[in-house]
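All remarks here apply to the structure that follows.
Number of protein chains: 2
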Amino acid sequence: MSVKNAFYAQSGGVTAVINASACGVIETARQHSDKIANVYAGRNGIIGALTEELIDTNQESAEAIAALRHTPSGAFGSCRYKMKSLEDNKREYERLIEVFKAHDIGYFFYNGGGDSADTCYKVSQLSETMGFPVQAIHIPKTVDNDLPITDNCPGFGSVAKYIAVSSLEASYDVRSMAATSTKVFVIEVMGRHAGWIAAAGGLIEDQGIPVVILFPEVEFDKAAFIAKCKDRVEKFGYVTVVVSEGTHWPDGKFLAEQGTRDSFGHAQLGGAAPVVANMIKEELGYKFHWAVADYLQRAARHLAAKTDVDQAYAMGKAGVEFALAGANSIMPAIIRTSNSPYAWEVGKAPLSEVANVEKMMPMEYISEDGFGITAACKEYLLPLIQGEDYPPYQDGMPAYVTLKNAAVAKKLDAFEV
Amino acid sequence: MSVKNAFYAQSGGVTAVINASACGVIETARQHSDKIANVYAGRNGIIGALTEELIDTNQESAEAIAALRHTPSGAFGSCRYKMKSLEDNKREYERLIEVFKAHDIGYFFYNGGGDSADTCYKVSQLSETMGFPVQAIHIPKTVDNDLPITDNCPGFGSVAKYIAVSSLEASYDVRSMAATSTKVFVIEVMGRHAGWIAAAGGLIEDQGIPVVILFPEVEFDKAAFIAKCKDRVEKFGYVTVVVSEGTHWPDGKFLAEQGTRDSFGHAQLGGAAPVVANMIKEELGYKFHWAVADYLQRAARHLAAKTDVDQAYAMGKAGVEFALAGANSIMPAIIRTSNSPYAWEVGKAPLSEVANVEKMMPMEYISEDGFGITAACKEYLLPLIQGEDYPPYQDGMPAYVTLKNAAVAKKLDAFEV
Chain A
1 MSVKNAFYAQ SGGVTAVINA SACGVIETAR QHSDKIANVY AGRNGIIGAL TEELIDTNQE
61 SAEAIAALRH TPSGAFGSCR YKMKSLEDNK REYERLIEVF KAHDIGYFFY NGGGDSADTC
121 YKVSQLSETM GFPVQAIHIP KTVDNDLPIT DNCPGFGSVA KYIAVSSLEA SYDVRSMAAT
181 STKVFVIEVM GRHAGWIAAA GGLIEDQGIP VVILFPEVEF DKAAFIAKCK DRVEKFGYVT
241 VVVSEGTHWP DGKFLAEQGT RDSFGHAQLG GAAPVVANMI KEELGYKFHW AVADYLQRAA
301 RHLAAKTDVD QAYAMGKAGV EFALAGANSI MPAIIRTSNS PYAWEVGKAP LSEVANVEKM
361 MPMEYISEDG FGITAACKEY LLPLIQGEDY PPYQDGMPAY VTLKNAAVAK KLDAFEV
Chain B
1001 MSVKNAFYAQ SGGVTAVINA SACGVIETAR QHSDKIANVY AGRNGIIGAL TEELIDTNQE
1061 SAEAIAALRH TPSGAFGSCR YKMKSLEDNK REYERLIEVF KAHDIGYFFY NGGGDSADTC
1121 YKVSQLSETM GFPVQAIHIP KTVDNDLPIT DNCPGFGSVA KYIAVSSLEA SYDVRSMAAT
1181 STKVFVIEVM GRHAGWIAAA GGLIEDQGIP VVILFPEVEF DKAAFIAKCK DRVEKFGYVT
1241 VVVSEGTHWP DGKFLAEQGT RDSFGHAQLG GAAPVVANMI KEELGYKFHW AVADYLQRAA
1301 RHLAAKTDVD QAYAMGKAGV EFALAGANSI MPAIIRTSNS PYAWEVGKAP LSEVANVEKM
1361 MPMEYISEDG FGITAACKEY LLPLIQGEDY PPYQDGMPAY VTLKNAAVAK KLDAFEV
């Protein structure tokens, strides 16, 4: 086995633990410097490969690479850039192979969700036909938790923990105030198509909190929703509502698109939370507060789940180990072997079975009335939020790392993306 | 000194550490059971005193009371209820004294902000003229940080830490995405009249993050704001905006009140963050994300500052100790004795100098262009976010306590509030 370089890129929306996967890739590669000379990272994801903007990770100290494990977001930059199909833009795939060839790259580690799994799969196919074989390994990452085969996706567990803890804390707050003031708290969470993150809010029900969840999987029924909130407030004195950004009316229109216009007549997308909160106020008269977590939820490394951090690292590490053992066109996967006590091991999924397959939340995870989660869902979710893995702090702030991100000298002509 | 009971109540918006003050009051009182027989807590704040709904804290175990130190929000319930002036509603003050008399209450510990300091002051005055002297002690609490004399207010430091850390994490996120996607992140924070909380967002500047702050103290200048954001994005590739909910136009109208109307023509209050984000999009075309932290920021016990927790506890403890030493009509205060290393001690402020005095943020804490904080401001803020004080976790969730809150038998006729 000759010495080759590896290429690593981060794709799509970043997470609290995608850098832990990067850490797993780079630290493991460094342990095998007889086989992997350097890990080049794509500056701003796959675009960095197309434009030949490679980052020389060998210039980072062992301490800096280790600090990736506790640093949120994408240390090398990510991008939202879906490569077109082979038919529509073969030139892009060929360019990738040219860059890999020019920099002696034999391993392609692509860290992302469904789209990047598809790209990764195509690269593995094309590189063979182009006579420069590259081992393409997809490292799973997505807060949406929608990749197939793997039991869960690194990134999701930490968002789930953040939403569960934040919803619990805010519920304690509204419970304190409910007698004379706020009776309804609404928190908006990510999830345009899948309710995995919203479901995590349901974990606070077992702590005695009345919670109503709005899933993208369930068509919004205003009358039933108002009745449910009224019932909760009459019984408990208050209610917490967790609303997915993707919650929509039967005609498919998102709640957030209420035809709201500002004073200049411009359409304004204001979020689902204020829409839901105002709706309750109008129908029931309850005072409300609302929050939109947005990036805070997926960047919250300060509250990451230890399970998630461990798994993110393990996926990066396994990616390199599988590659060194000769694997190609695969994705390391998390295989749950036991619920109680929770146990998992690293599996291996062929990319042909991962690309273009979206795993939906099972309908048996949603309670019959559509506003809560079932025992089966809790059994699935609880292990994923286990454990705390705090970053180190300095002067009251987390000591996150910013890398040098030194450029590798270019060897090819420029390329427009 | 005869044995008396004490009365403790939580007032106004709750915080991540107001229960730590309650813990300080009750634990210290228990150490002096020869002087304080029981601490009765007001169910839902001062309303519980007026309606004689007292909670018997002697029925709580030592473990439960100790757990208050790490539990956010108001364990006995709080309320937004400002007692009228003595002239307008003397009957309410007299009722308070009647309840105190009926339950042999010689100590009144009122845990709140400016309004409750005023109530506390009046009770101390009236009780004497009514011939049933009660020692009235105000325990400082407010995320608004606007009480005089005390260097800072318990509750503020933890919100400041939450906003600083959350803004840092979200900034790492937008930095990762900026090359091809989101370039602007806007976070809305509490502070209708004072920019203390927004100022905490400025602490991330020293970590290399381009941040633009909108304070309620500075009239909103749209052209200057847009120019500042443009400059930051052109220099850094992205920008983080921290906007106070109280940011307003020169005519006093809040940014959040944009005359926005939903499809039914109803006025809708949508938050300052989406207004600001849409404004940047319209003027500069940058893709944005926005978050509204709302209750999450003041309930976030999972990220409390150790300094804040220690001070909240110390204020409760000192309140009881001052009372036992004979003090009346005072508030324990935090006195900063050194910036570096940070050191503080417990002082004592007469309520006559606390009631109806609001401490504003000094204008020399705001940078010349109005969009940032000065070195003096950082020097003031940094010690307040020092240290971490994590709650214990069980099965992935914080182990917060919910008390029994057993009722004390009533002795008086009903009273309408």
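Residue numbers (the working numbering), protein chains in the order written: chain A, 1 to 417; chain B, 1001 to 1417.
Glycine included, C-beta positions come from ideal geometry on N, C-alpha and C.
Does the CB of B/Gln1125 have a neighbour CB from chain A at under 8 Å? no
Rounded to whole angstroms, how far is the Cβ of A/Ser171 from the Cβ of A/Phe185, which I believe are closer than 8 Å? 7 Å
Suppose the cutoff is 7 Å on Cβ atoms and the five residues either side in sequence are ignored; what does the same chain contact list for B/Ser1263 look like? Summary for B/Ser1263: the model assigns pLDDT 49, below 50, so the residue's position carries little reliability; its value from the coordinates is reported in the next sentence. Contacts found: none.
Rounded to a whole number of angstroms, what is the C-alpha to C-alpha distance between A/Leu50 and A/Ile36? 21 Å
Nearest to B/Trp1249 by alpha carbon, out of B/Ser1338, B/Glu1219 and B/Ala1194? B/Glu1219
Pick helix, strand or coil for B/Tyr1110, following the three-state DSSP scheme. strand
Establish whether the CB of A/Cys377 and some CB of chain B are separated by less than 8 Å. no
In the DSSP output, what is B/Leu1214 paired with across the bridge? B/Val1243
From A/Tyr380, A/Ala323, A/Phe415 and A/Lys359, residue whose alpha carbon lies closest to that of A/Asp144: A/Lys359
Along the chain, where does the beta strand (DSSP E) that runs through B/Asp1056 open and close? Leu1054 to Asp1056
Given that a residue counts as buried once 16 or more other Cβ atoms are within 10 Å of its Cβ, and exposed if not, what is B/Thr1150? buried
To the nearest whole angstrom, what separates the beta carbons of B/Gly1114 and B/Lys1141, a pair I think is in contact under 8 Å? That pair is no contact at about 11 Å.
Do the CB positions of B/Val1039 and B/Thr1057 come within less than 8 Å of each other? yes
Contacting residues, own chain, Cβ-Cβ under 8 Å from B/Ala1293 (five flanking each side not counted): Tyr1162, Ile1163, Ser1166, Ile1187, Glu1188, Val1189 and Met1190
Where does the unbroken alpha helix (DSSP H) through A/Gly316 begin, and where does it stop? Lys306 to Leu324
Give the straight-line distance between the Cα atoms of B/Val1233 and B/Lys1183, rounded to the nearest whole angstrom. 7 Å
Report back the beta-carbon spacing between B/Leu1296 and A/Glu169 to the nearest angstrom; my notes put them in contact at under 8 Å. 7 Å
Secondary structure at A/Ser338, three-state DSSP: helix, strand or coil? strand
A/His103 beta carbon less than 8 Å from that of A/Asn5: yes
Determine, for A/His70, whether the minimum Cβ-Cβ distance to residues of chain B falls below 8 Å. no
Cα-Cα, which of A/Val408, A/Ala414 and A/Ala375 is closest to A/Ile55? A/Val408
A/Ile47 versus B/Ala1178: straight-line alpha-carbon distance, rounded: 13 Å
Can you name the residues that DSSP bridges to B/Gln1297? The partner list for B/Gln1297 (beta bridge, DSSP) is empty, contrary to what the question assumes.
Run through DSSP, which three-state label would B/Glu1283 get? helix
Does any CB atom of chain A fall closer than 8 Å to the CB of B/Pro1362? no
If the cut is a Cβ gap below 8 Å, which residues of chain B does A/Ile163 touch? Neighbours of A/Ile163 on chain B: none; closest Cβ ~10 Å, over 8 Å.
With a cut-off of 8 Å, do at least 3 Cβ pairs link the segment 1344-1354 of chain B to the segment 1120-1140 of chain B? yes
Could you tell me how far apart the beta carbons of B/Asn1152 and B/Leu1384 are, in whole angstroms, since I believe they sit closer than 8 Å? 6 Å
Considering only DSSP beta bridges, list what A/Gln207 is partnered with. Answer is none; A/Gln207 lacks a bridge partner.
Since I believe B/Gly1396 is in contact with A/Gly387 (beta carbons under 8 Å), could you give me their beta-carbon distance rounded to a whole number of angstroms? 7 Å
Between A/Cys23 and chain B, is there a C-beta pair that is closer than 8 Å? no
Simplified DSSP assignment, three categories, for A/Val408: coil
Distance check for B/Gln1135 and B/Asn1328, CA to CA, integer angstroms please. 5 Å
What residue range does the alpha helix (DSSP H) around A/Trp196 cover? Trp196 to Gly201
A/Ala299 and A/Pro72 closer than 8 Å at C-beta: yes
Residues that B/Cys1229 contacts on chain A, provided the C-beta gap is smaller than 7 Å: Here the premise fails: no neighbours, minimum Cβ distance about 17 Å.
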